[in-house]
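Asker: Below is a structure I'd like to ask you about.
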């Protein structure tokens, strides 16, 4: 177990709705990254938060947004859901500085119908 | 941006045999290369990593090699066991990237009895 927890584990939403996913980082880690993993693919970097500020973003539209809280937990928000947003959303926590281990949670399986 | 290619996409070995998974990367600025194991319904689990100042690293039955000149790195699993069956992902991080990992497409490893 990594100590990174995500909620909920599964979620079904309707196209056009909004969703919020949550992540609690591992103790001692101040950086949270979010990834989207489509079925049969590797995780794709969405964005990263460090000390409550966005610290880099992948190739995802603005309807994907996030927050990090003073306790380093984080939220991923997705507006105007599309069918292609159906995926496993992964949160990874790490210590800032790069080249350090990133530990993943078990993910949230989002299905958009 | 960074691009990581991974081969093979599926690999079937007999228990006790060795398994090798290979990855290539495009950005010469990458200097951190972790490997993750993902079991069905779970998040990726870090199994070994290597930094660019090291050519090889070993941890029990698992080893990783890195050739910076050729921009490729490999995962070697010896004495495979049924519990090694999973999807394996390689990843690369650019210097100063702060754990913004670019993943390969994954290798489904099946260890047969």
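Residue numbers (the working numbering), protein chains in the order written: chain S, 5 to 117; chain E, -19 to 93. The beta carbon of each residue, even a glycine, is placed where N, CA and C say it ideally should be. Predicted, not measured: the structure shown is a model, and the values here were computed from it.
Please classify residue 81 of chain E as buried or exposed, where buried requires at least 16 neighbouring CB atoms within 10 angstroms.
Answerer: Buried, since its Cβ has 16 or more Cβ neighbours within 10 Å.
Asker: I want to see whether chain S comes within less than 9 Å of residue 55 of chain E, judged by CB atoms only; does it?
Answerer: So, not an interface residue.
Asker: In terms of alpha-carbon separation, which member of S:104, S:45, S:85 lies closest to residue 34 of chain S?
Answerer: Checked all of S:104, S:45, S:85; the closest Cα to residue 34 of chain S is S:104.
Asker: By the DSSP assignment, the beta strand (DSSP E) with residue 96 of chain S in it spans what residues?
Answerer: Its beta strand (DSSP E) spans residues 91 to 98.
Asker: Are the C-beta of residue 5 of chain E and some C-beta of chain S separated by less than 9 Å?
Answerer: Cβ-Cβ to chain S under 9 Å: no for residue 5 of chain E.
Asker: Using 8 Å for Cβ pairs, my map puts residue 37 of chain E next to residue 30 of chain E. What's the rounded Cβ distance?
Answerer: Right, their Cβ atoms sit about 5 Å apart.
Asker: With 9 Å set as the bound, which would you pick, yes or no: does the beta-carbon of residue 9 of chain E sit closer than that to a beta-carbon of chain S?
Answerer: Output row for residue 9 of chain E: interface = no.
Asker: In the structure shown, what three-state DSSP assignment does residue 63 of chain E receive?
Answerer: The answer is helix: DSSP assigns residue 63 of chain E an H, G or I state.
Asker: Does the distance from the C-beta atom of residue 2 of chain E to that of residue 66 of chain E stay below 9 Å?
Answerer: Cβ atoms of residue 2 of chain E and residue 66 of chain E: not closer than 9 Å.
Asker: Which two residues bound the contiguous beta strand (DSSP E) that contains residue 74 of chain S?
Answerer: Counting along the chain, residue 74 of chain S falls outside any beta strand (DSSP E), and DSSP gives it neither H nor E.
Asker: Around the C-beta of residue -17 of chain E, are 16 or more other C-beta atoms found within 10 angstroms, so that it is buried, or is it exposed?
Answerer: Classification of residue -17 of chain E: exposed, given that the 10 Å Cβ count is below 16.
Asker: Counting only runs of 3+ residues fully inside the segment 18 to 65 of chain E, write out the beta strand (DSSP E) ranges in chain order.
Answerer: Those beta strand (DSSP E) runs which fall completely within the segment 18 to 65 of chain E and span 3+ residues are 25 to 31, 36 to 39, 42 to 47, 52 to 57.
Asker: Figure out for me which residue from S:50, S:64, S:57, S:78 has the closest Cα to the Cα of residue 24 of chain S.
Answerer: Looking at the Cα atoms, S:78 is the closest of the given residues.
Asker: Assuming residue -9 of chain E is part of the beta strand (DSSP E), what are its boundary residues?
Answerer: Per DSSP, residue -9 of chain E belongs to the beta strand (DSSP E) from -10 to -6.
Asker: Are there three or more Cβ pairs, one per stretch, closer than 8 Å when the segment 36 to 55 of chain S is compared with the segment 92 to 99 of chain S?
Answerer: Yes, the segment 36 to 55 of chain S is in contact with the segment 92 to 99 of chain S.
Asker: So for residue 114 of chain S, helix, strand or coil by DSSP?
Answerer: Residue 114 of chain S: strand per DSSP, three-state reduction.
Asker: So who's on the other strand from residue 15 of chain S, going by DSSP bridges?
Answerer: Bridge partners of residue 15 of chain S: S:114.
Asker: Just mark residue 16 of chain S as buried or exposed, buried being the case when its beta carbon has 16 or more other beta carbons within 10 Å.
Answerer: It counts as exposed.
Asker: Just curious, the beta strand (DSSP E) that residue 25 of chain S is in, first and last residue?
Answerer: Start and end: 23 to 28.
Asker: Does the contact criterion of 3 or more C-beta pairs under 8 Å hold for the segment -15 to 1 of chain E versus the segment 54 to 72 of chain E?
Answerer: Contact holds: three or more Cβ-Cβ distances are below 8 Å.
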